[in-house]
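Start counting the sequence shown at 324; every next residue gets the next number (my numbering).
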Amino acid sequence: MKGKEMAWKYLIFTFALVGFVFSYPYLQDKLNIGISYKVVVLLSSVVLMFIITPLYWRSIVKNGKEEKMKFKRAKQPWE
């Protein structure tokens, strides 16, 4: 799977997760779900932190190819 396709899938998943979190109080009233809103927000933030964010930043698509990010150390004033 190419990097752009992966990025789009994770972007759509992120928006779906955020939409679910915002609509959860309404769904909780309608469907009588016993899980509290704080637990849902906590779980969704954990999912975003540990699954989606590293996948966004691990590969950057350049010219249709996946390349790993290269971090250069900043030059110190005394160097």
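Even for Gly, the Cβ is constructed at its ideal location relative to N, Cα and C.
- Cβ atoms of Leu340 and Ser359 stay farther apart than 8 Å, at about 17 Å.
- Taking C-alpha positions only, Phe345 is separated from Pro400 by approximately 47 Å.
- Rounded to whole angstroms, Phe338 and Ala397 show a C-alpha spacing of 34 Å.
- For Leu371, there is no enclosing alpha helix (DSSP H), as DSSP marks it with neither H nor E.
- By a beta-carbon distance limit of 8 Å, Leu350 contacts Ile356. Their separation comes to about 7 Å.
- At a Cβ-Cβ threshold of 9 Å, Val370 and Tyr347 do not count as neighbours.
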